[in-house]
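Residue numbers (our numbering): 39 to 166. All C-beta atoms in this analysis are idealised placements derived from N, C-alpha and C, irrespective of residue type, glycine included. Note that the structure is a prediction, hence the values are computed from the model and not measured. Down below is the structure, laid out as C-alpha cells.
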Amino acid sequence: MDKKLGTKQVSIWLGEDGGTIERRGHRSAELTLSDAQLGELTDVMCRIEELYEKPTDIEWAYAGGQLHVLQARPITTYVPLPPEMLTRPGERRRLYADAALSKGMTTNAPLSPMELDWMEDFLVVRYM
C-alpha cells in the first residue's frame, strides 16, 4: 500500500459552541491515518463488501481513536467488469473512462490513435 501526504490546505472542525471552524494548514505535515488505523479500516471495509457481495459506499469516522461505521449501502450504479478489465489484488489499479458518460466534450465517432495517446498522457499526468 502506498502512502501519500496530502496538502490539507483547509480542514473543517466542529466549533466549541456549535457550527464549524475552518483551519488552514492545521496538521498539514501529518498523515491523516496511522498504519494501524489504515489496517483496521481496510479490514472492516473488506468485511462489509463481503457481506453485500458487491462494491459498497461506506461512510466512516474516527472519534476518540475508535472507528465508527456511519452507514454502508451498495453502489447501485455498479456495472460488473469483464474479467479482462479487472485489476488483480495487489496490482496497480487501472482506470477506464467512458467518454459517453462524461460531461463536456463527447464524441460520436471512434477516437484516433493520436487522440487516444493525448487522452492517455492527460490522464496519467492528471490522475497518477
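Inset, instruction - Please report the residue range of the beta strand (DSSP E) in which Asp95 lies. - result: Thr94 to Ala101
Legend entry - Gln65, DSSP secondary structure in three states: Checking the displayed sequence, the identity of residue 65 turns out to be Arg instead of Gln. In this structure, Arg65 counts as coil in the three-state DSSP scheme.
Legend entry - Helix, strand or coil at Arg85 [DSSP, three-state]: helix
Inset, instruction - Indicate whether Val48 and Arg62 have their beta-carbon atoms separated by less than 7 Å. - result: yes
Inset, instruction - Report the three-state DSSP secondary structure of Pro118 (helix, strand or coil). - result: coil
Inset, instruction - Flag this pair as yes or no: are the beta carbons of Leu105 and Glu97 separated by less than 7 Å? - result: no
Inset, instruction - Would you list the one or two residues that DSSP bridges to Ala110? - result: Ile96
Legend entry - Cβ-based neighbour list, Thr58, same chain, cut-off 7 Å, excluding 5 preceding and 5 following: Ile50, Trp51 and Leu52
Inset, instruction - Please work out which residues of its chain come closer than 6 Å, Cβ to Cβ, to Asp5, disregarding the five sequence neighbours upstream and downstream, and give them in chain order. - result: Residue coverage of the chain in this structure runs from 39 to 166, which leaves residue 5 outside it and unanswerable.
Legend entry - C-alpha gap between Leu71 and Arg126, whole angstroms: 25 Å
Legend entry - Proximity below 7 Å, CB of Tyr116 to CB of Pro93: yes
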